[in-house]
Amino acid sequence: MFVCLCHPFSDKKVKEYLDASGRSTVSKTYSACSGGQNPNCCQCLETLKDIVKTHNAGATA
Ligand code: FES
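In the numbering used here, the protein residues as written are 2 to 62.
Here is the structure:
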């Protein structure tokens, strides 16, 4: 499933990044998954926020 369409990346890529990084923030996650871009339309940020929040709640690092 694509999370962001402006700088396309998938939920799989987000999960891979989060698994490798431990805890992270939405902005760091966006930058890492988009290749250093800033959000454009920002429609994906709620979805990304949910994924990061769920991940951080279960992360131990
Ligand atoms: S869909 Fe992610 S910035 Fe537009």
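Built from N, CA and C at the ideal position, the CB exists for glycine as well.
CA-to-CA distance, residue 45 to residue 60, given in whole angstroms
What you label residue 60 is simply residue 59 of the sequence shown in a count that begins at 1. What you label residue 45 is simply residue 44 of the sequence shown in a count that begins at 1. If you take the alpha carbons of residue 60 and residue 45, they lie about 22 Å apart.
Report all residues from its chain with a CB closer than 8 Å to the CB of residue 10; omit the five preceding and five following residues, and keep chain order.
By one-based count along the sequence shown, residue 10 stands at place 9. The beta carbon of residue 10 is closer than 8 Å to those of 3, 4, 34 and 35 in its chain, skipping five residues each way along the sequence.
Taking only three categories from DSSP, how would you classify residue 5?
Counting from 1 along the sequence shown, the entry for residue 5 is found at position 4. If DSSP states are grouped into helix, strand and coil, residue 5 belongs with the strands.
Alpha-carbon to alpha-carbon, residue 6 and residue 30:
On the sequence shown, residue 30 is found 29 positions in, with the first residue counted as 1. On the sequence shown, residue 6 is found 5 positions in, with the first residue counted as 1. Spanning the two alpha carbons is a distance of roughly 15 Å.
Residue 25 - containing alpha helix (DSSP H), residue span
Indexing the sequence shown from 1 puts residue 25 at position 24. Counting along the chain, no alpha helix (DSSP H) covers residue 25, and no H or E run does either.
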